[in-house]
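Written below as structure tokens is the structure these notes are about.
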């Protein structure tokens with residue numbers, strides 16, 4: 001037998017072993033009752049850094065290296081509103097030309113608990129969390145982050161019931177086409193290195209797309225009726241990267257040292273604690289307070305704000321009835337028939353302009369008090 005023949009035989013002999021060790025476990029996750037595909041299901045081997053998320057059609061691919069696992073290791077499927085599925089490695093079905101269905105059984109919808117407070121009925125808007133004030137501090141996802149990877153920060157609160165209205169975070173750089181994330185809100189759980197229960201009990205994913213031009217991300221939390229009573233955790237979870245470029249998303253962080261952050265590299269992976277750090281996640285919230293104290297706080301806040309005014313146009317024509325919202329204070333107004341608007345605001349407040357048929361525009365106030373806006377048709 002020639003050297004070349006012996007070498008070729010060796011390669012052929014190795015192929016079955018490689019296929020056995022590294023296999024692509026794939027399938028399609030569906031609702032067991034409706035047979036509809038289930039998007040963004042977390043799939044992985046808990047604590048092993050091996051995980052992924054199903055796509056919009058319920059399709060998933062999970063690389064299984066049997067040389068690094070045992071037959072008793074468990075692949076877990078979890079999704080809000082469905083019962084968790086666990087399969088041992090020995091029970092997995094590997095196919096090459098099909099996507100076997102993985103049915104998930106719906107579970108009873110958990111009703112939001114009734115929020116009761118002994119405070120007065122006077123509502124106060126309050127910003128909680130952390131912001132970047134120009135410091136060179138960042139958090140990021142790199143190409144070693146798989147689908148389902150999360151970047152989280154503990155938000156400290158004064159105790160008391162409050163509603164979460166809007167989440168803000170700033171994007172420093174996004175070389176990808178677009179990135180789809182899921183916002184997760186957790187209670188603190190029993191240990192620092194493992195967030196507890198997801199506070200979103202609506203069984204609806206809080207999804208947000210970060211586009212290449214996004215600098216300030218605004219996520220509306222109002223439809224989810226999320227209330228907190230104490231410190232909690234905000235997390236952004238990677239669901240999909242559009243385009244051919246690998247993930248390289250860089251978000252602004254804060255120089256705040258009195259809290260901690262967490263990250264994990266894949267769906268169902270192990271959380272890593274990053275002490276004395278905070279992502280620049282901040283939220284507009286509403287809490288209930290004694291009327292006298294609340295009124296004094298509101299008066300003080302209003303004194304610090306100035307009238308922000310200007311005109312709203314489309315193709316040089318003034319637009320009336322355009323909704324203008326200070327997302328920092330929740331104050332709303334509308335433009336008049338001449339396109340003019342006026343609203344209270346101050347530096348760093350977030351102002352949005354929106355109306356049916358036009359692309360929503362969001363700005364961050366600087367020093368100027370007069371701002372004209374040109375909207376674009378959808």
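Residue numbers (the numbering used here): 1 to 378. We put the CB at the ideal spot given by N, CA and C, even for glycine.
Beta strand (DSSP E) segment containing residue i, residue limits
| i | result |
| --- | --- |
| residue 263 | 260 to 264 |
| residue 152 | 150 to 155 |
| residue 234 | 232 to 241 |
| residue 132 | It is not in any beta strand (DSSP E) - residue 132 carries neither H nor E in the DSSP assignment. |
| residue 63 | 59 to 65 |
| residue 327 | From DSSP, residue 327 is part of no beta strand (DSSP E); its letter is neither H nor E. |
| residue 351 | 350 to 354 |
| residue 42 | 42 to 45 |
| residue 343 | 340 to 345 |
Residues that residue i bridges to, as DSSP identifies them
| i | result |
| --- | --- |
| residue 217 | 169 |
| residue 273 | 262 |
| residue 146 | Beta-bridge pairing links residue 146 to no other residue. |
| residue 279 | 253 |
| residue 323 | 334, 354 |
| residue 39 | DSSP, once it has assigned bridges, lists no residue as partnering residue 39. |
| residue 84 | Its beta-bridge partners do not exist; DSSP assigns none. |
Residue i, DSSP secondary structure in three states
| i | result |
| --- | --- |
| residue 24 | strand |
| residue 54 | coil |
| residue 90 | helix |
| residue 376 | coil |
| residue 223 | helix |
| residue 139 | strand |
| residue 394 | Because the chain spans 1 through 378 in this model, residue 394 falls outside it and cannot be assessed. |
| residue 362 | strand |
| residue 70 | coil |
| residue 103 | strand |
| residue 318 | strand |
| residue 191 | strand |
| residue 161 | coil |
| residue 307 | strand |
| residue 198 | strand |
| residue 203 | coil |
| residue 98 | coil |
| residue 368 | coil |
| residue 247 | coil |
| residue 185 | strand |
| residue 123 | strand |
| residue 211 | coil |
| residue 286 | strand |
| residue 78 | strand |
| residue 299 | Reliability fails at residue 299, whose pLDDT of 49 lies under 50, so the model's placement of it is uncertain and the value that follows must be treated cautiously. Three-state result, residue 299: helix. |
C-alpha distance - residue i paired with residue j, whole-angstrom precision
| i | j | result |
| --- | --- | --- |
| residue 280 | residue 263 | 15 Å |
| residue 165 | residue 46 | 32 Å |
| residue 374 | residue 170 | 23 Å |
| residue 107 | residue 36 | 16 Å |
| residue 321 | residue 361 | 15 Å |
| residue 50 | residue 187 | 25 Å |
| residue 40 | residue 276 | 31 Å |
| residue 249 | residue 317 | 38 Å |
| residue 208 | residue 237 | 10 Å |
| residue 101 | residue 28 | 5 Å |
| residue 205 | residue 177 | 22 Å |
| residue 243 | residue 221 | 28 Å |
| residue 306 | residue 283 | 22 Å |
| residue 338 | residue 309 | 13 Å |
| residue 299 | residue 224 | Residue placement at residue 299 is flagged as unreliable, the pLDDT there being 49, under the threshold of 50; a coordinate-derived value is accordingly withheld. |
| residue 134 | residue 140 | 17 Å |
| residue 342 | residue 162 | 28 Å |
| residue 356 | residue 69 | 53 Å |
| residue 60 | residue 83 | 18 Å |
| residue 81 | residue 73 | 25 Å |
| residue 174 | residue 261 | 21 Å |
| residue 376 | residue 345 | 24 Å |
| residue 122 | residue 288 | 6 Å |
| residue 240 | residue 92 | 25 Å |
| residue 182 | residue 371 | 33 Å |
| residue 335 | residue 367 | 22 Å |
| residue 151 | residue 157 | 20 Å |
| residue 378 | residue 325 | 19 Å |
Supposed close pair residue i, residue j - CB separation, criterion 8 Å
| i | j | result |
| --- | --- | --- |
| residue 153 | residue 259 | 7 Å |
| residue 232 | residue 199 | 7 Å |
| residue 149 | residue 265 | 5 Å |
| residue 103 | residue 219 | Contact doesn't hold; Cβ gap of about 31 Å is too wide. |
| residue 254 | residue 131 | 6 Å |
| residue 75 | residue 87 | 5 Å |
Contact test: residue i Cβ vs the ligand MG heavy atom, cutoff 6 Å
| i | result |
| --- | --- |
| residue 161 | Looking for the ligand MG in the displayed structure turns up nothing, as the structure carries no ligands at all. |
Minimum Cβ-Cβ distance from residue i to chain C less than 7 Å
| i | result |
| --- | --- |
| residue 325 | Note that chain C does not occur in the displayed structure, where there is just one protein chain. |
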